[in-house]
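To start, the structure itself, in structure tokens.
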Amino acid sequence: MSTITNFANLAEVAVHFRKDLTGDHRPMKDLVLFFAHNRTGKTRLSMEFKQAGKEFDDDGNVTNRDTLYFNAFTEDLFSWNNDLENDTNRTLKLNSDSVFFNGLHELDLDVKIESFFNNYVDLKFDINYEASTVAFARSITIDGNEETVENIKISRGEETLFIWCFFLAICQLAIDKDPAYSWVKYVYIDDPISSLDENNAIAVACDLCNLLTTEGNQIKTVISTHHSLFFNVLYNEFGRKVKNKRYFLHNKGVDGYALQDTSDTPFFHHIATLSELKKVVESNKIYTYHFNALRSILEKTATFFGYDKIDKCIGSLREEDEVLFERALQLFSHGKYSVFDPVEMGNDNKELFKRILESFLNKYEFYLPQIFNEEIQAAAE
470 MSTITNFANL
480 AEVAVHFRKD
490 LTGDHRPMKD
500 LVLFFAHNRT
510 GKTRLSMEFK
520 QAGKEFDDDG
530 NVTNRDTLYF
540 NAFTEDLFSW
550 NNDLENDTNR
560 TLKLNSDSVF
570 FNGLHELDLD
580 VKIESFFNNY
590 VDLKFDINYE
600 ASTVAFARSI
610 TIDGNEETVE
620 NIKISRGEET
630 LFIWCFFLAI
640 CQLAIDKDPA
650 YSWVKYVYID
660 DPISSLDENN
670 AIAVACDLCN
680 LLTTEGNQIK
690 TVISTHHSLF
700 FNVLYNEFGR
710 KVKNKRYFLH
720 NKGVDGYALQ
730 DTSDTPFFHH
740 IATLSELKKV
750 VESNKIYTYH
760 FNALRSILEK
770 TATFFGYDKI
780 DKCIGSLREE
790 DEVLFERALQ
800 LFSHGKYSVF
810 DPVEMGNDNK
820 ELFKRILESF
830 LNKYEFYLPQ
840 IFNEEIQAAA
850 E
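Note that our numbering has the sequence shown beginning at 470, numbered continuously upward.
Next comes the structure, spelled out in structure tokens:
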């Protein structure tokens with residue numbers, strides 16, 4: 470039975486991670502990897518971790534920091550100037566006021582960024598350090614002739630990859646002990662693969678592992694994700710290459726947070742997803758995006774048993790129910806429902822969701838850890 474540790478708030482979780490990495494928890498670790506669903510508090514946790522490493526003077530000014538981080542706020546440091554007037558010179562603007570870009574002019578990051586970026590896409594870019602902008606170009610073939618299109622606006626996925634590679638280049642400087650980033654003792658990475666397909670998610674995970682396992686790297690790292698494939702690749706890639714600690718983070722609402730040690734159960738988050746859905750059913754706060762989570766579980770179960778369709782895993786004894794359940798899963802899980810813009814289901818759809826989940830759990834006897842069962846019971850009361 471793996472260890473479950475409870476915390477009152479995210480600040481306490483951040484301190485726990487720091488103890489893992491400094492050796493206050495024996496033995497000392499080089500990496501903390503954890504899985505958590507969206508809306509659990511991953512981004513806020515990254516900020517708590519960063520804040521815990523700051524030192525202040527008597528006037529409240531920051532005099533020292535120790536964490537280089539990548540999260541949603543990092544991506545906000547990059548914004549587009551779409552040249553609305555002329556519609557020709559589109560550039561990605563860098564917020565040069567951030568310490569993230571300290572020493573940018575002197576470091577000439579182009580080569581380092583390009584070495585990472587070219588692993589994913591065939592794009593050219595040019596950083597204007599004085600103006601703090603980035604211009605992109607793409608080669609295209611027209612009538613057998615290759616031409617370069619300048620000042621293009623790249624896709625959201627390509628933009629995510631560029632920002633990620635920008636961050637990796639700075640990580641490389643920190644690992645190489647460049648004076649501009651000598652303050653970095655910890656790297657905290659929160660969900661770097663938004664807008665990426667599964668192939669790029671795997672590539673990002675492998676490249677990240679290669680970078681962090683560089684010989685002589687003394688920087689400690691925390692990585693969080695809600696993406697099960699990304700988590701599994703990292704879990705397997707790091708393996709025994711670094712001393713690491715792996716968790717599942719669960720938001721218990723007013724009761725705080727819980728860390729489930731996943732060292733012996735790398736796929737625990739699938740069970741945790743079922744536990745979460747069961748809790749959601751008991752609370753009756755069922756949102757449209759929960760169908761995505763349920764469908765994901767059914768797909769993994771179908772794959773495990775060698776089925777090519779999820780209908781083989783739907784547990785109802787009535788054929789007409791199986792058809793209804795499958796159609797509902799297809800419809801709702803492929804709709805444009807976002808965890809960032811949640812829409813609560815109507816009562817009819819809630820009842821349908823409950824029937825599908827109940828039928829599935831009746832067919833397959835999953836072990837759901839006690840911590841979640843206690844929460845479900847409390848919610849029911």
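The beta carbon of each residue, even a glycine, is placed where N, CA and C say it ideally should be.
Under the three-state DSSP convention, the category Y650 falls into
helix
List, from N- to C-terminal side, the beta strand (DSSP E) runs of 3 residues or more that fit wholly inside the region 506–592.
531–533, 536–539, 547–550 and 560–563
Secondary structure at S601, three-state DSSP: helix, strand or coil?
coil
Let me know the secondary structure DSSP gives K805 once reduced to three states.
Per-residue confidence for K805 stands at a pLDDT of 45, beneath the threshold of 50, marking its modelled position as unreliable; no derived number is given.
Where the beta strand (DSSP E) containing K823 begins and where it ends:
Unbroken run through K823 is the alpha helix (DSSP H), N816 to K832; no beta strand (DSSP E).
Considering only residues of the same chain and omitting the five flanking positions on each side of Y657, which have a CB-CB separation below 6 Å?
S515, F518, T536, Y538 and V691
Would you kindly report the start and end of the unbroken alpha helix (DSSP H) that includes K721?
No alpha helix (DSSP H) contains K721, which DSSP labels as neither H nor E.
Distance between beta carbons of L563 and S601, contact taken as under 8 Å
4 Å
Sub-9 Å separation of A483 and H719 beta-carbons:
no
So, under 8 Å CB-CB, E813 and K754 are touching, yes? Tell me the CB distance rounded to an integer number of Å.
7 Å
Is W549 buried or exposed, if buried means 16 or more other CB atoms sit within 10 Å of its CB?
exposed
Helix or strand or just coil, what does DSSP make of N686?
coil
Could you please give me the residues that DSSP links to Y655 through a beta bridge?
T536 and K689
Which residues mark the beginning and the end of the alpha helix (DSSP H) in which E628 is found?
R625 to I644
Rounded straight-line distance, which links the Cα of L573 to that of Y598
7 Å
What are the boundary residues of the beta strand (DSSP E) that includes D730?
Y726 to D730
Between the C-alpha atoms of N620 and N558, what's the straight-line distance to the nearest angstrom?
5 Å
Taking contact to mean 3 or more Cβ pairs, one atom from each stretch, closer than 8 Å, check whether the region 635–651 and the region 606–615 are in contact.
no
Taking just the CA atoms, how far does F605 sit from Y756?
39 Å
With distances taken between CB atoms, is the gap from E751 to A762 smaller than 9 Å?
no
Report the three-state DSSP secondary structure of V501 (helix, strand or coil).
strand
Which residue or residues does DSSP assign as beta-bridge partners of V618?
R607
If you reduce the DSSP assignment to three classes, tell me which class R709 lands in.
coil
Contact belief for D489 with V501 at Cβ below 8 Å, rounded distance in angstroms:
5 Å
State the Cα-Cα distance for the pair I609 and S565, rounded to the nearest angstrom.
32 Å
Which first and last residues belong to the alpha helix (DSSP H) in which E491 is found?
The question names Glu, but residue 491 in the sequence shown is Thr. Looking at the DSSP string, the run of the alpha helix (DSSP H) that includes T491 is L479 to T491.
Which residue comes first and which comes last in the beta strand (DSSP E) that contains N475?
I473 to F476
Can you give the Cα-Cα distance for K593 and F760, rounded to whole angstroms?
40 Å
Per-residue DSSP class, three states only, for D733
With a pLDDT of only 45 at D733, under the threshold of 50, the placement of this residue in the model should not be trusted; the figure read from the coordinates follows. Three-state result, D733: coil.
Work out the CA separation of K721 and A480 for me, nearest whole Å.
15 Å
Once the 5 residues before and after K511 are set aside, which same chain residues still bring their CB inside 6 Å of it?
A505, D659 and S693
Identify, in the order they occur along the chain, each residue of the same chain with its Cβ nearer than 6 Å to the Cβ of A540, setting aside the five sequence neighbours on each side.
Note that residue 540 corresponds to Asn in the displayed sequence, not to Ala. T512, S515 and D659, listed in sequence order.
Run through DSSP, which three-state label would T694 get?
strand
Alpha carbon to alpha carbon, how far is E524 from N530?
8 Å
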